[in-house]
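Visitor: Pasting a structure below so you can have a look.
Numbering (our numbering), first residue to last: 6 to 328.
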């Protein structure tokens, strides 16, 4: 995969004014740029997260049309098990009609079960699937979702990731199912990022507090698509990195720009008691996307978007599954 030259920023924020005042920044180092892109061209795609059901999806699609926000992927955080078959089918049909990838979270996770270690100061165990039954729940979710037409699954456990990668290799779930690693277990160094790729990840959500140098380090060892919250929810740090979007693309391509939302209550696990919150925050996530895209355009750095409807990651490095 090669870099799309149009993704290079034409102008950095405040560049002309600061240079005229003798405060210009050092020139960008070409060696920091990613050598990778999405198959079929493009260095970035968009994602709207935390879409917790058909109603929220309808709000997102309507607002995206109104604000002209292109969307490649829409993801959900509560889990397949929190949706009825009819709700999943409605979401699959609505996204397929617009050629948008729908990604649903798989199965039980440590923060929701009876394990007490996640509530200690060390947060031991985290969101991973505790025990055989939790892994089985994730696999059950994956089979059910893909049978209903879902083509992307979110995972928060290395063992579940490897198991689902083997499952698609064995034909238990469709071979073109994509597996996305959650920000909740996102890797923070090049070695772990490369391991997730080899375990079967088709995109990897890194924590939003990684520095630009960290992003460059990862890109020197892996071309697997990277997901990053341009604005992170408060429980993931609340980081807002809109003015860095162009440079994040230059260094992190192929990159999914995730339009999260800070200063908003948590939604997971979602139920109708949170309906108004889910709908209002869904609308605002799309607006945040418009703000990020406007910044890219203002700086002449909005070229290089991958074609709408593209979803596959290209050729990636995998561990040998064996017999």
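C-beta: ideal position from N, C-alpha, C; glycine also.
This structure is a prediction, so every number in the text was calculated from the model and none was measured.
Going by DSSP in three states, residue 223 sits in which element: helix, strand or coil?
Guide: If DSSP states are grouped into helix, strand and coil, residue 223 belongs with the helices.
Visitor: Does DSSP put residue 67 in a helix, a strand or coil?
Guide: Three-state DSSP puts residue 67 in a helix.
Visitor: With a threshold of 16 other CB atoms inside 10 Å of the CB of residue 58, please say whether the residue is buried or exposed.
Guide: Buried is the call here.
Visitor: Can you give me the Cβ contacts of residue 189 inside the same chain, cut-off strictly under 6 Å, excluding the 5 residues immediately before and after it?
Guide: Taken in chain order, the residues that qualify are 132 and 161.
Visitor: What do you reckon, are the CB atoms on residue 184 and residue 169 nearer than 8 Å?
Guide: Yes, the Cβ-Cβ distance between residue 184 and residue 169 is below 8 Å.
Visitor: Give the DSSP-derived three-state secondary structure of residue 168 in the structure shown.
Guide: In the structure shown, residue 168 sits in a helix (DSSP, three-state: H, G or I).
Visitor: Skipping 5 residues on each side, what residues in its chain have a beta carbon closer than 6 Å to that of residue 260?
Guide: For residue 260, where only same-chain residues beyond five positions count, the Cβ hits under 6 Å are 49, 231 and 254.
Visitor: Of all the options 117, 173 and 154, which has the alpha carbon lying nearest to the alpha carbon of residue 144?
Guide: Closest by alpha carbon: 173.
Visitor: For the beta strand (DSSP E) holding residue 232, just list the boundary residues, first then last.
Guide: Run containing residue 232: 231 to 236, per the beta strand (DSSP E) assignment.
Visitor: Quick one: measure Cβ to Cβ for residue 79 and residue 100, integer angstroms, because I've assumed they're closer than 8 Å.
Guide: Contact holds; Cβ gap of about 6 Å.
Visitor: If we count the other Cβ atoms within 10 Å of its Cβ and call it buried at 16 or more, is residue 24 buried or exposed?
Guide: Label assigned to residue 24: exposed.
Visitor: Report buried or exposed for residue 246, applying the criterion of at least 16 other Cβ atoms within 10 angstroms of its Cβ.
Guide: Looking at its Cβ environment, which holds 16 or more other Cβ atoms inside 10 Å, residue 246 is buried.
Visitor: On a CA-only basis, which of 282, 214, 176 and 205 is nearest residue 193? Give me that one, please.
Guide: If we check each option's Cα against that of residue 193, 214 comes out closest.
Visitor: Report back the beta-carbon spacing between residue 329 and residue 311 to the nearest angstrom; my notes put them in contact at under 8 Å.
Guide: It is not possible to answer for residue 329, since the shown part of the chain is limited to 6 through 328.
Visitor: How would you label residue 146, buried or exposed, when you count the other beta carbons within 10 angstroms and need 16 or more for buried?
Guide: Buried: at least 16 other Cβ atoms inside 10 Å.
Visitor: Please name the residue, chosen from 157, 251, 277 and 211, that lies closest to residue 305 on a Cα-to-Cα basis.
Guide: Per the Cα distances, 251.
Visitor: Between the beta-carbon of residue 153 and the beta-carbon of residue 90, is there less than 8 Å?
Guide: Contact flag set, yes.
Visitor: Going by other Cβ atoms of all chains shown within 10 Å of its Cβ, with 16 needed for buried, is residue 71 buried or exposed?
Guide: Result: exposed.
Visitor: Taking Cβ positions, are residue 61 and residue 262 nearer each other than 8 Å?
Guide: Taking 8 Å as the Cβ cut-off, residue 61 and residue 262 do not qualify as a contacting pair.
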